[in-house]
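The structure under discussion appears below in the form of structure tokens.
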Amino acid sequence: MASRDEITITQEDMRARYAHADRMADLVAMWEVALSDGVHKIEFEHGTTSGKRVVYVDGKELIRRDWMFKLVGKETFTVGATETKATINIDAVSGFAYEYTLEINGKSLKKFIENRSKTSKTWVLQLDGVDIRVVLEKDTMDIWCNGDKMETAGEFVEEGTETHFTLLDRHECCIKARGQMCRSIPISELLQQ
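The sequence shown maps to residues 1 to 193 in UniProt numbering.
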């Protein structure tokens, strides 16, 4: 019988409370990738003694490989609503040390982020107490809001273009693009509500 200072816990409760501990033992890399439909968390487990490789995206297991005899290599998968291609590269550095790098659409994560900052614009705001993340894809003029591609109406105006859309079913918004649609001349965007 347990004393007053002891707590009795069932095996089922132990598994539920500490299920993540087993997973954390082999977690070797984690990245956050901002795409049009949101910021995605990518986690990678690499059991160098068990040969296990597991890829999680936003907490969901996408790939599980057990008993991999070759410890180096790559795992390729897709991320987000747009099914963006991602690859985790596993390279031996020295002895039993490994390096893990992430590529998005065939580019290193650093290069992808640099390129993304040129091809998209993101606003984070709060409307009616709701956090809103609006993304403009400059090349297609697509607009995403909290992971959903928005219905838009575009029009040409004297100074450039205006793209209209609605947030939370009642807030009329407009993104105005001014200047020439040219790589050497930046476009200035303005989100109005």
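Glycine residues also receive a C-beta, built at the ideal position from the N, C-alpha and C atoms.
Bridge partner(s) assigned by DSSP for residue i
| i | result |
| --- | --- |
| residue 60 | 57 |
| residue 73 | 90 |
| residue 67 | Answer by DSSP bridge pairing: none, since residue 67 is not bridged. |
| residue 148 | 145 |
| residue 43 | 30, 56 |
| residue 113 | DSSP lists no partner for residue 113. |
| residue 133 | 124 |
| residue 97 | 94 |
| residue 103 | 87, 108 |
| residue 35 | 38 |
| residue 25 | In DSSP, residue 25 forms no bridge with anything. |
C-beta atoms of residue i and residue j nearer than 7 Å
| i | j | result |
| --- | --- | --- |
| residue 87 | residue 76 | yes |
| residue 31 | residue 51 | no |
| residue 72 | residue 97 | no |
Spatially closest choice to residue i from the options, by CA coordinates
| i | options | result |
| --- | --- | --- |
| residue 118 | 100, 33, 138 | 138 |
| residue 121 | 176, 82, 68 | 176 |
| residue 105 | 164, 80, 50, 148 | 80 |
| residue 167 | 31, 160, 127 | 127 |
| residue 89 | 115, 53, 162 | 53 |
| residue 36 | 152, 159, 116, 103 | 116 |
| residue 158 | 144, 164, 178 | 178 |
| residue 174 | 95, 148, 123, 64 | 123 |
| residue 84 | 144, 34, 156, 148 | 34 |
| residue 26 | 58, 169, 49 | 49 |
| residue 59 | 41, 125, 147 | 41 |
| residue 57 | 94, 95, 102 | 102 |
Per-residue burial, residue i [other beta carbons within 10 Å of its own, 16 or more giving buried]
| i | result |
| --- | --- |
| residue 39 | exposed |
| residue 171 | exposed |
| residue 112 | buried |
| residue 130 | exposed |
Proximal residues to residue i (C-beta, below 6 Å), its chain only, five neighbours per side dropped
| i | result |
| --- | --- |
| residue 29 | 44, 100 |
| residue 125 | 132 |
Chain-order list of residues whose beta-carbon lies under 8 Å from that of residue i (same chain, five-residue window excluded)
| i | result |
| --- | --- |
| residue 154 | 141, 161, 162, 163, 164 |
| residue 63 | 53, 54, 55, 75, 77 |
Any C-beta of chain B under 7 Å from that of residue i
| i | result |
| --- | --- |
| residue 136 | Looking for chain B here will not work: only one protein chain is present. |
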